[in-house]
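S.K.: Take a look at this one; I'll ask things after.
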Amino acid sequence: MNQELVTYIVLGSIQRLKNLKIPSSSKMEEFLLGNFDKKSPIEKSIDTLVSNARGNLIVLLPPSSLPNKRSKDLLKKISMIDQSTWGWFKFNENNNDIIKNLKKISSSIRSIPNLEQGIFFTKRLYFSVGGIGSFGPSPFKEISKRFYSRIDPQNPLPALIIRTKNLNIF
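The sequence shown begins at -8 in the working numbering and counts up one residue at a time.
See below:
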């Protein structure tokens, strides 16, 4: 395991991700596709992806989204510190949709990230809380509660670059 490496896991079904282009992996970054199928539970697939990831810092991303350069640099620095940590990304401020604004308010009040915000965490912290837990309509709700039982989150990083309006995993 390379502690400076950041592993980005793009969440989605095989069908949803089949035409998605992701950046190629490098010495500092590894990109993996979730490729969930209906036969095996999503939780088990995510546990397998995280355990097989080479990086110390894991980033779960919605389909067709990537962190911007500033966020990537911050994630690399967080990975080099080698301390248990977790957090998420800010909402995109350029969006004036009413539903998005309600999600922003809900996320800030509950301190639970939405799917479109993504989430990042260290591999050590992930396995110390027993994995992702249940992956329901609010996919990061259970894991956020588990992480909160250990440590407080980092301040949110700059918003993700989202290249689609369809953020459904399936």
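Note that CB positions come from ideal geometry on N, CA and C, so glycine has one too.
1) So Leu148 is in the beta strand (DSSP E); what residue range does that whole segment cover?
2) Looking only at its chain, what residues have a beta carbon closer than 6 Å to the beta carbon of Ala44, apart from the 5 residues adjacent to it on each side?
3) Can you tell me which of Ser15, Arg141, Ser119 puts its alpha carbon nearest to the alpha carbon of Asp38?
4) Quick check for students: name the residue ranges of the beta strand (DSSP E) that lie wholly in the segment 11 to 57, counting only runs of 3 or more.
5) Do Leu57 and Leu2 come within 9 Å of each other at the CB atom, strictly closer than that value?
6) Hey, out of Arg137, Lys156, Gln108, whose CA is closest to Asn146's CA?
7) State the DSSP-derived secondary structure class of Phe112, mapped to helix, strand or coil.
M.R.: Reading off the structure:
1) From DSSP, Leu148 is part of no beta strand (DSSP E); its letter is neither H nor E.
2) Thr(-2)
3) Ser119
4) 20 to 24, 46 to 52
5) Between Leu2 and Leu57, the CB-CB gap reaches or exceeds 9 Å.
6) Gln108
7) strand
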